[in-house]
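Structure first, commentary second.
There are 2 protein chains.
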Amino acid sequence: MGRKRLQETGDGRPTVHTVAARAGVSIASASRVLNGVGGSPETIRKVRAAAAEVGYVPNAIARSLQSQRTDLIALAVEDIGNPVYVEMMRAIESVVAASGRQLLVHATGGQVANETALLRRLAHRYVDGMIVSPIRVTDDHLAALVDSPAPVVVVGQLGADAPVDNVRTDSRAGVGLAVDHLVAAGRQRIGFVNGPLDTVPGAARDAGFRAALAGHGIDLDERLVEVGDFQYVAGRAAAERLLARARPDALVCANDLIAVGALHALLAAGRRVPEDVALVGMDDTELARMMFPQLSSVSLGSAERGRRAAELLLQRIADPALPPRREQVAPHLAVRASSAAVPDVGPLFVPAPTDPAPAPRTPEVTA
Amino acid sequence: MGRKRLQETGDGRPTVHTVAARAGVSIASASRVLNGVGGSPETIRKVRAAAAEVGYVPNAIARSLQSQRTDLIALAVEDIGNPVYVEMMRAIESVVAASGRQLLVHATGGQVANETALLRRLAHRYVDGMIVSPIRVTDDHLAALVDSPAPVVVVGQLGADAPVDNVRTDSRAGVGLAVDHLVAAGRQRIGFVNGPLDTVPGAARDAGFRAALAGHGIDLDERLVEVGDFQYVAGRAAAERLLARARPDALVCANDLIAVGALHALLAAGRRVPEDVALVGMDDTELARMMFPQLSSVSLGSAERGRRAAELLLQRIADPALPPRREQVAPHLAVRASSAAVPDVGPLFVPAPTDPAPAPRTPEVTA
DNA sequence: TTGTACGCGTTATCAT
DNA sequence: ATGATAACGCGTACAA
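Listed in order, the protein sequences are those of chains P and S.
Each residue of the first sequence is one higher than the one before, counting from 1 in my numbering.
Each residue of the second sequence is one higher than the one before, counting from 1001 in my numbering.
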């Protein structure tokens, strides 16, 4: 009958009550000691001993209910498998983990509906904040972003004056870098394989491509422009369509996945890279360095943007009254063998004959 | 003075009390309606209306404290950027999301200490369970796994009779598949670029390689074996060391990242693939299909293992009394151009002239 | 069906 | 410094 309160949790794990009872002090004292605030030396000793004996571990949920925070950060991206998001996620994870928090990942599939749903779920307060990198933005989506129930920072282009923390890059200018480079290398018929035009990055890159050509006084031949999506398969298909009807001497691709697809399309069509067709990708993921020939690529600083976004978010969580901030990461071009006569996959590492560690059973080898 | 209980949360969001008061019912009735259990038609109407008016959203923390579950699942892997874990993570995320839960990711860097720390943190009950894919296993690590404070399932090899749910593959046999294939293709001097021998996969693959050669009656030349780690850079360095001292006509690599490194080492050394040296990777990630030549690779079913692991975990959460289970995913070999005379990156897609959608502004093109 | 009251496990307040 | 007690927001016995 009515014993007012059990001292153990339902499945037998100790609580503060267990520790307090065992130490012969009140739960308040126990809690204080366990949190390192106050307590006489004797109390501290008794409580610590009791906690150790029963193997006490504080319950994160109860603590969260009290503290009104979960120390969880969410990240929502289109596809957690895309190398560009992988790099971003890595950077974010490291900042988040360093702050003692943990990272939650969501794959949205690029669907606006999924993202707004996620935004709404923030009201449940299961995370302290969210980083979202939307590729499509609608009006009510934007509205949901603006009056989000929890701190949000956006990675990517947003309406110019949306009052939301965001860190962006200038992918328009990024495409320009690629075009400038190709024109300077004497290429005349520069093609473009883009992702969907109804996405923010797709639209920006399309605009950037046209502007860049115009800047060089080049008339754009529309047959040199093709659209797929931001994946390898569709990118390759798009490149094949383009090659079936036009003869580019250079190809700019809206990301590295597309660029790999285009490379394969070119090779399958018997074109040499870069002799016949120069190729430039975008995002400068490690994939670009893994290709042969290695891919020139426009870095949009995805890791850097991720890092900055995480920092902005942590700052806002610490001080929700902060005004909306906007940071910008400049694009830059990495020139590699796919578009220029630079050393390709060369000997990065000279075998270190004096270093015995990695090569155990073969001391006589170097000869 | 003493108003017993506020009807709003500290920062002004509505709670059940707000809704109840507004609907003119008790919080119990409000809660019942909001959870869809009980309530007269009239009460239901009033409560729903009130909830809608104030924009009520239940607090996940409070709900968790009550229900003793968070609907969060954790995943701990060495490196969230490694394509093999990306594929696993994708598969897990999809199962987890389909069950209405969310996924938390941890990067352990392959450090045992980090993993045991993570295991201990489970006692905080911030997640309902965890999937962990350890590459190094020590005794106390195993002990921590066995009496984990929350359900855990392990992806990877574990001591034969450890009472822990786990889904494994036979990477020993997987290496055998690669060796069999190469021997059948007439290769004589088969080399092996492995990851660290103090890891579970590294040790298993080393054993598998030696056993396979022995099975074919081939004497292993130790100069044909090299060790780096499971990354591209070290893999490439290891391959370069190997090539500096030996003349393999085939190379088996312990994963695809290493295989890409080895491919580059071979190309830099002027060897043709597969003519001079046949190359087989492991894990069969999409990276293998993206290379040129496309890489043969031994699939260890990482996505499938992830999916199964997630399902095992959900089952155990539903019924903790289940006996420990062990599932096995068989390896299989994907033969591609890097090790055989099969069609390489060929025309996957015929341009669809009847499909106007992707090529907007160019009706006259096909001519 | 409805309302009262308690418990989930913790931290914070406020007397003492 | 310490202890009783009130939150945190929710679900649910139990009694009416």
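Glycine included, every Cβ here is placed at the ideal spot set by N, Cα and C.
The structure presented is a predicted model; accordingly, all values stated were derived computationally and were not measured.
Quiz item: Terminal residues of the continuous alpha helix (DSSP H) containing I1199/S?
Solution: Checking the sequence shown, residue 1199/S turns out to be Thr, not Ile. Taken as a continuous stretch (DSSP letters only), T1199/S belongs to no alpha helix (DSSP H), as it is neither H nor E.
Quiz prompt | CB contact below 9 Å: I80/P versus chain S | solution = Taking Cβ atoms only, chain S reaches closer than 9 Å to I80/P, which makes this a yes.
Quiz prompt | Own chain partners of A1050/S with C-beta closer than 6 Å, once the 5 adjacent residues on each side are dropped | solution = The residues are V1019, R1022 and A1023.
Practice problem: Would you mind working out which of L295/P, S297/P, G281/P and V227/P sits nearest D198/P, comparing C-alpha positions? | Solution: V227/P
Quiz item: Of all Cβ atoms in chain S, is any one closer than 9 Å to the Cβ of R90/P?
Solution: yes
Exercise. Answer yes or no: does any C-beta atom of chain P fall closer than 9 Å to that of F1192/S?
Key: no
Exercise. Return no unless some Cβ of chain S is closer than 9 Å to the Cβ of I61/P.
Key: yes
Practice problem: Could you check how far apart the C-beta atoms of I1135/S and A1310/S are, in whole angstroms? I think they sit under 8 Å. | Solution: Actually they are not in contact, since the Cβ atoms of I1135/S and A1310/S sit about 19 Å apart, beyond 8 Å.
Practice problem: Return yes when the Cβ of P1149/S is within less than 9 Å of the Cβ of A1123/S, no when it is not. | Solution: yes
Exercise. Specify the secondary structure class of N82/P as computed by DSSP and reduced to three states.
Key: coil
Practice problem: Check the Cβ-Cβ distances between D1344/S and every residue of chain P, and say whether any is below 9 Å. | Solution: yes
Practice problem: Just the C-alpha distance for I1258/S and G1281/S, rounded to the nearest angstrom, thanks. | Solution: 8 Å
Practice problem: With a threshold of 16 other CB atoms inside 10 Å of the CB of E78/P, please say whether the residue is buried or exposed. | Solution: buried
Quiz item: Interface residues of chain S around R189/P at Cβ under 9 Å?
Solution: Ordered by position in chain S, no residue passes the 9 Å Cβ test against R189/P, which lies about 15 Å from the chain.
Self-check item: For P14/P, three-class secondary structure by DSSP
Solution: In the displayed model, P14/P falls within a strand according to three-state DSSP.
Self-check item: Cutoff 8 Å; reference A1288/S; Cβ partners in own chain excluding five residues on either side
Solution: D1256, A1259, G1281, Q1294, L1295, S1296, S1297, A1334 and R1336
Quiz item: Which two residues bound the contiguous beta strand (DSSP E) that contains T169/P?
Solution: For T169/P, the uninterrupted beta strand (DSSP E) segment begins and ends at D165 to T169.
Quiz item: Would DSSP call R316/P helix, strand or coil?
Solution: helix
Self-check item: Nearest to A1235/S (by Cα), restricted to the options V1193/S, G1208/S and R1032/S
Solution: Here residue 1235/S is Gly; the residue named in the question, Ala, does not match the sequence. The option with the nearest alpha carbon to G1235/S is V1193/S.
Quiz item: Per the contact definition of three or more C-beta pairs closer than 8 Å, is the region 1152 to 1160 of chain S in contact with the region 1300 to 1310 of chain S?
Solution: Here the region 1300 to 1310 of chain S lies against the region 1152 to 1160 of chain S, with 3 or more beta-carbon pairs under 8 Å apart.
Practice problem: Starting from A1097/S, follow its DSSP beta bridges and name the residues at the other end. | Solution: Note: A1097/S sits in no beta bridge, so no partner.
Quiz prompt | Closest Cα partner of G1195/S within the set D1221/S, A1173/S, Q1231/S and A1185/S | solution = Q1231/S
Practice problem: Answer with yes or no whether the minimum CB distance from E286/P to chain S is below 9 Å. | Solution: yes
Quiz item: Apart from the five residues just before and just after S302/P, which ones in its own chain have a Cβ nearer than 7 Å to its Cβ?
Solution: V84, E87, M88 and D283
Quiz item: So is H1264/S in contact with chain P if we call contact Cβ pairs under 9 Å?
Solution: yes
Practice problem: Measuring alpha carbon to alpha carbon, tell me which of V33/P, V37/P, G55/P and P58/P ends up nearest K46/P. | Solution: V33/P
Quiz prompt | Separation of I317/P from R1325/S, as counted between CA atoms | solution = So the two alpha carbons sit approximately 42 Å from each other.
Quiz item: CB-CB under 6 Å to I44/P, same chain, minus the five flanking residues each way: which ones, in chain order?
Solution: V33
Quiz item: Contact between the region 1125 to 1133 of chain S and the region 1070 to 1077 of chain S: three or more CB pairs below 8 Å?
Solution: yes
Self-check item: Cutoff 9 Å: A1107/S Cβ touching any chain P Cβ
Solution: At least one chain P Cβ lies under 9 Å of A1107/S.
Self-check item: Own chain partners of D1221/S with C-beta closer than 8 Å, once the 5 adjacent residues on each side are dropped
Solution: R1189 and A1246
Exercise. Leaving aside the five residues before and after G1055/S along the sequence, list all residues of the same chain whose C-beta is less than 7 Å from its C-beta, in chain order.
Key: P1014.
Quiz prompt | Where the alpha helix (DSSP H) through S29/P begins and ends | solution = I27 to L34
Self-check item: Residue-chain proximity (F292/P, chain S), Cβ-Cβ < 9 Å
Solution: yes
Quiz item: To which residues does DSSP link H332/P through a beta bridge?
Solution: S299/P
Self-check item: C-alpha gap between A357/P and V1277/S, whole angstroms
Solution: Because the pLDDT of A357/P is 35, which lies under 50, any placement of that residue in the model is unreliable, and the question is left without a value.
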